[in-house]
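Colleague:
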Amino acid sequence: ATTGNITQIGALTIGGTTTLLTSGEGGIIDLGTTSNKFTGALLITTNDNTDGSDGLYEADVTIDGGEIAALVIGTSTIDGDLTLKNGNVSGITDAVGATVTVKGDLKATTDNNSGVINLGDDNRLAVSGKFQLITDGTGDATVVNSTGLNFITAKVGGDFSATATNGAITQDAAFDIDGTTNVYSATEDNIILSKAGNDFSGAVWFRGGGVFIKDKNNIDFGTSNSTATKIYDGYTLKVIAKNNITDSGNLKVTGGGNAYFGTNNEETDNVIVLNSSGNVFEGTLTLEGGIGHLVNSSAAVILEAMILAGDLDVTTTGGTVTDIGVLNVSGLTTITATGFDVTLDGDGVNYNNFGDDVEIAADDVVLKATGDINFGVSTVTGDFEITAGGDVTQSPLPSQQLTINGTGKTIHITGDDIMLNNAANNFVSAVKITTSGSDVELADVGDIILGASTVSGYYKVTAGGTVTQSGALTITGVTTIAAQNTAGTTNYAVTLTEALNDFTGAVGVTGATVRLTDTNDLVLGDTTTTGAYTVIAGGGITDSGALTIGTT
């Protein structure tokens with residue numbers, strides 16, 4: 001024991017426990033000789049009560065444990081900074097059951113043999129200041145602090161694990177972690193690792209309240225959880241990476257908070273791929289940057305306003321997919337919510353923009369776009385309500401059909417030209433069409449029911465079964481109906497007998513038994529029937545094409 005400083009002028013080789021005590025106000029301990037060897041634990045005490053009254057602790061301790069043995073810290077109270085260095089493979093640890101209290105900063109460095117740092121495993125480490133952890137080679141670093149964790153920096157060649165038993169986890173400077181990273185706030189306080197120079201080479205696991213993480217390269221997430229209310233511009237989880245963002249474990253953002261994932265390197269084809277099946281995003285989801293965006297969730301998904309240069313692929317196995325802002329997607333949009341509803345209608349004032357195909361698997365679907373909508377393969381078991389400021393079209397490939405197979409549901413398409421003419425389509429419920437100055441083509445592999453429709457251009461319907469209606473048709477242009485199998489060997493009945501039908505242009509039909517009704521004049525276009533042909537009009541009946549009638 002001493003009332004002054006403890007220093008050294010030569011190497012120390014200690015076979016047992018080392019006890020270092022300076023009771024003098026502000027006394028320091030400096031055993032920094034690189035060839036020291038401490039076989040047993042070090043018990044250290046320094047005193048700085050006077051400076052402690054204003055929060056400035058200067059009774060610092062510096063220990064270099066050399067390379068021969070591990071550096072083990074026993075029960076200690078240090079009224080200043082604690083700086084530790086060791087070059088042994090076993091590195092720097094604290095003794096089992098030891099309580100280590102540091103009122104200043106703790107800086108631990110291993111400088112040889114891939115030495116490890118392992119401090120606070122049994123939750124007896126209490127550091128009031130900041131941490132700096134640096135390991136040699138592939139050395140791991142683990143720290144558990146009884147309060148929060150504020151890092152000066154961390155440079156770890158192996159795996160990095162940081163646990164704040166009661167508080168937040170923050171950083172002053174960038175981290176460089178070659179292995180995996182596991183950061184945990186036991187009290188679900190915030191985890192803020194937002195320095196732009198961070199480089200997490202391995203997977204990142206986190207559990208905390210609000211979480212904000214940046215990476216200057218790629219970032220991959222292991223199983224992680226963010227549970228607090230909204231922080232940082234309303235986000236519970238905010239992730240920014242220069243390159244790809246991926247997950248190798250389930251990401252859970254609960255408590256109603258929002259999630260943001262952004263990749264900001266415009267020179268490479270970055271992707272955001274969060275496709276683990278157990279992901280949960282309880283709040284809204286925002287994706288920014290990159291050319292590919294794939295998200296899986298076991299709960300509902302709420303999409304914020306986004307501008308995406310590439311594809312958007314969202315799958316949920318446990319809820320609806322909706323938006324609360326305008327989606328601008330240049331690439332393919334794929335939404336899979338089998339058994340659940342999909343509503344993508346913009347922000348309530350402005351509609352979405354889809355630059356490429358839209359593919360949907362869902363129950364009820366509401367889709368609204370400012371411009372064109374072109375459908376790829378889609379399966380809908382409920383209502384299908386589509387509104388476009390431009391054309392509504394689809395891929396002609398047989399494998400890209402629309403299967404809208406709910407019975408007694410609403411199918412309502414509104415747009416300019418509506419070209420849903422893939423021969424493999426299957427519309428089970430009535431198809432209602434509303435256009436403005438444009439044309440319509442519909443195709444169905446089997447029977448088709450035409451709902452109340454207003455078409456200002458031509459109206460062409462091709463079916464591999466019967467053609468009937470459930471509401472009046474108001475068609476300004478030419479109407480062409482074909483009810484015939486693909487080989488052209490079998491015709492089917494066409495029954496358009498609503499009293500309020502109004503066909504301004506000629507009506508041409510290919511079918512078996514054909515029945516037509518018009519509230520006004522009716523012009524008959526080219527028609528071929530293999531059965532009876534019955535026409536009723538509230539005005540005159542004329543023809544503009546050849547009539548080939550099986551029976552009359």
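For the sequence shown, counting from 1, position 452 maps to 452 in UniProt numbering; every step adds exactly one.
Note that the Cβ used here is the ideal one computed from N, Cα and C, for glycine as well.
(1) Along the chain, where does the beta strand (DSSP E) that runs through residue 264 open and close?
(2) Which residues does DSSP list as the beta-bridge partners of residue 515?
(3) How would you write the range of the beta strand (DSSP E) that residue 151 sits in, first residue to last?
(4) Quick one: give me the first and last residue of the beta strand (DSSP E) that residue 119 is part of.
(5) Does DSSP put residue 520 in a helix, a strand or coil?
(6) Going by C-alpha to C-alpha distance, which of 124, 89, 98, 97 sits closest to residue 113?
(7) Tell me the residue span of the beta strand (DSSP E) that contains residue 558.
(8) Just to confirm my understanding: we take residue 447, look at its own chain, exclude 5 residues before and 5 after, and list those with CB closer than 7 angstroms. What are they?
(9) For the ligand PLP, I want to know if residue 14 counts as a neighbour, meaning its beta carbon is within less than 7 angstroms of at least one of the ligand's heavy atoms.
(10) Quick check: residue 290 and residue 271, are their CB atoms within less than 8 angstroms of each other?
(11) Between the alpha carbons of residue 134 and residue 7, how many angstroms are there, rounded?
(12) Do you know offhand how far residue 486's Cα is from residue 479's?
(13) Rounded to the nearest angstrom, how far is the Cβ of residue 139 from that of residue 74, given a contact under 8 angstroms?
(14) Work out the CA separation of residue 3 and residue 23 for me, nearest whole Å.
(15) With a CB to CB cut of under 7 angstroms and the five nearest residues on each side skipped, what residues in its chain are close to residue 547?
(16) Please list the terminal residues of the continuous beta strand (DSSP E) segment that includes residue 21.
(17) Just checking, does the segment 235–245 make contact with the segment 178–190 on the three C-beta pairs under 8 angstroms criterion?
(18) Over the uninterrupted beta strand (DSSP E) stretch that includes residue 72, give me the two end residues.
(19) Secondary structure at residue 145, three-state DSSP: helix, strand or coil?
(20) According to DSSP, is residue 469 part of a helix, a strand, or is it coil?
(21) Note down the Cα distance separating residue 311 from residue 428, rounded to an integer number of angstroms.
(22) Look up residue 298 in the DSSP assignment and say whether it is helix, strand or coil.
(23) Grouping DSSP H, G and I as helix and E and B as strand, with all else coil, what is residue 400?
(24) Taking only runs of the beta strand (DSSP E) that begin and end inside the segment 238–262, which ones reach a length of at least 3 residues, in chain order?
(25) Return the bridge partner residues of residue 64 from the DSSP annotation.
(26) Using the Cβ count rule (16 or more neighbours within 10 Å means buried), how would you classify residue 228?
(27) Name the two residues that bound the continuous beta strand (DSSP E) containing residue 374.
(28) Which of the three DSSP states is assigned to residue 49 in this structure?
(29) Write down the C-beta distance between residue 305 and residue 282 rounded to the nearest angstrom, noting that I regard them as a contact closer than 8 angstroms.
(30) Mark residue 397 as exposed unless 16 or more other C-beta atoms lie within 10 angstroms of its C-beta, in which case mark it buried.
(31) For residue 394, which residues in the same chain have their Cβ closer than 6 angstroms to its Cβ, ignoring the five residues on either side in sequence?
(32) Given a cut-off of 8 angstroms, decide if residue 78 and residue 96 are closer than it, judged by their beta-carbon atoms.
(33) Hey, quick one: how far does the beta strand (DSSP E) through residue 392 stretch, first residue to last?
(34) Please determine, among 38, 15, 102, 68, the residue with the shortest C-alpha to C-alpha distance to residue 45.
(35) Since I believe residue 179 is in contact with residue 204 (beta carbons under 8 angstroms), could you give me their beta-carbon distance rounded to a whole number of angstroms?
(36) Just checking my contact of residue 414 with residue 383 at CB under 8 angstroms: how many whole Å lie between their CB atoms?
Modeller: According to the structure shown:
(1) Residue mapping note: residue 264 aligns to position 264 of the sequence shown, counting from 1. Looking at the DSSP string, residue 264 is not in any beta strand (DSSP E), and its letter there is neither H nor E.
(2) Counted from its first residue, the sequence shown places residue 515 at position 515. Here residue 515 is bridged, per DSSP, to 495, 534.
(3) As a first step, residue 151 must be located in the sequence shown, where it is residue number 151. Here the beta strand (DSSP E) through residue 151 covers 149–156.
(4) On the sequence shown, residue 119 is found 119 positions in, with the first residue counted as 1. Boundaries of the beta strand (DSSP E) harbouring residue 119: 117–119, taken from the DSSP string.
(5) Along the sequence shown, one-based indexing puts residue 520 at 520. Looking at residue 520 - three-state DSSP - the assignment turns out to be coil, as it is neither helix nor strand.
(6) The sequence position of residue 113 within the sequence shown is 113, counting from 1. For residue 113, the closest C-alpha among the options 124, 89, 98, 97 is that of 89.
(7) In the structure displayed, the chain extends from 1 to 552; residue 558 sits before or after that span and is not available.
(8) In the sequence shown, the residue the question calls residue 447 occupies position 447. Within the same chain, Cβ atoms closer than 7 angstroms to the Cβ of residue 447 are found at 463, 465, 466, the five residues on either side in sequence being excluded.
(9) In terms of ligand content, the structure shown is empty, and the ligand PLP therefore cannot be addressed.
(10) Stepping through the sequence shown from its first residue, residue 290 is reached at position 290. Stepping through the sequence shown from its first residue, residue 271 is reached at position 271. Yes, the pair counts as a contact, with Cβ atoms nearer than the cut-off.
(11) Counting from one through the sequence shown, the residue named residue 134 turns up at place 134. Counting from one through the sequence shown, the residue named residue 7 turns up at place 7. Rounded to the nearest angstrom, the gap between the Cα atoms of residue 134 and residue 7 is 24 angstroms.
(12) Sequence index remark: in the sequence shown, residue 486 carries index 486 (1-based). Sequence index remark: in the sequence shown, residue 479 carries index 479 (1-based). Answer to the nearest angstrom: the Cα atoms are 20 angstroms apart.
(13) For the purposes of this step, residue 139 is taken as the residue at position 139 of the sequence shown. For the purposes of this step, residue 74 is taken as the residue at position 74 of the sequence shown. Between residue 139 and residue 74 the beta-carbon gap is near 22 angstroms, outside 8 angstroms, which marks them as no contact.
(14) Locating residue 23 in the sequence shown gives position 23, where the first residue counts as 1. Locating residue 3 in the sequence shown gives position 3, where the first residue counts as 1. Spanning the alpha carbons of residue 23 and residue 3 requires a straight line of approximately 5 angstroms.
(15) By 1-based counting over the sequence shown, the position of residue 547 is 547. Within the same chain, residue 547 has close Cβ partners 524, 527.
(16) Position 21 of the sequence shown holds residue 21. Taken as a continuous stretch (DSSP letters only), the beta strand (DSSP E) holding residue 21 covers 18–25.
(17) Too few Cβ pairs lie closer than 8 angstroms, so no.
(18) As a working mapping, residue 72 is identified with position 72 in the sequence shown. Taken as a continuous stretch (DSSP letters only), the beta strand (DSSP E) holding residue 72 covers 71–73.
(19) Counting from one through the sequence shown, the residue named residue 145 turns up at place 145. The DSSP-derived three-state label of residue 145 is strand.
(20) Taking the sequence shown and counting its residues from 1, the one referred to as residue 469 is at position 469. Strand.
(21) Stepping through the sequence shown from its first residue, residue 311 is reached at position 311. Stepping through the sequence shown from its first residue, residue 428 is reached at position 428. Taking the straight line from one Cα to the other gives about 30 angstroms.
(22) Along the sequence shown, read from residue 1 onward, the residue named residue 298 stands at position 298. DSSP places residue 298 in coil when its eight states are reduced to three.
(23) Mapped onto the sequence shown, residue 400 falls at position 400. Residue 400: helix per DSSP, three-state reduction.
(24) If you keep only unbroken beta strand (DSSP E) runs of at least 3 residues inside the segment 238–262, you get 245–247, 251–253.
(25) Position 64 of the sequence shown, counted from the start, is the residue given in the question as residue 64. Its beta-bridge partners are 85.
(26) Locating residue 228 in the sequence shown gives position 228, where the first residue counts as 1. Note on residue 228: pLDDT 49, under 50, position unreliable in the model; the coordinate value appears next. Around the Cβ of residue 228, a 10 Å sphere holds 16 or more other Cβ atoms; the residue is buried.
(27) Translated into positions along the sequence shown, residue 374 becomes position 374. For residue 374, the uninterrupted beta strand (DSSP E) run begins and ends at 373–375, by DSSP.
(28) Here residue 49 is taken as the residue at index 49 of the sequence shown, counted from 1. In this structure, residue 49 counts as helix in the three-state DSSP scheme.
(29) The residue labelled residue 305 in the question sits at position 305 within the sequence shown. The residue labelled residue 282 in the question sits at position 282 within the sequence shown. That belief does not hold up - the Cβ atoms of residue 305 and residue 282 are roughly 19 angstroms apart, past 8 angstroms.
(30) The residue you call residue 397 lines up with position 397 of the sequence shown. When all chains shown are included, residue 397 counts as exposed.
(31) The count along the sequence shown starts at 1 and reaches residue 394 at position 394. Contacts found: 375, 420, 422.
(32) Here residue 96 is taken as the residue at index 96 of the sequence shown, counted from 1. Here residue 78 is taken as the residue at index 78 of the sequence shown, counted from 1. Taking 8 angstroms as the Cβ cut-off, residue 96 and residue 78 do not qualify as a contacting pair.
(33) On the sequence shown, position 392 is the one that residue 392 refers to. Here the beta strand (DSSP E) through residue 392 covers 392–394.
(34) Here residue 45 corresponds to residue number 45 of the sequence shown, with the count starting at 1. Out of 38, 15, 102, 68, 102 has the C-alpha closest to the C-alpha of residue 45.
(35) Taking the sequence shown and counting its residues from 1, the one referred to as residue 204 is at position 204. Taking the sequence shown and counting its residues from 1, the one referred to as residue 179 is at position 179. Residue 204 to residue 179, Cβ: 11 angstroms. No contact.
(36) Counting from 1 along the sequence shown, the entry for residue 414 is found at position 414. Counting from 1 along the sequence shown, the entry for residue 383 is found at position 383. Taking C-beta atoms under 8 angstroms as the contact rule, residue 414 and residue 383 fail to qualify, at a distance of about 14 angstroms.
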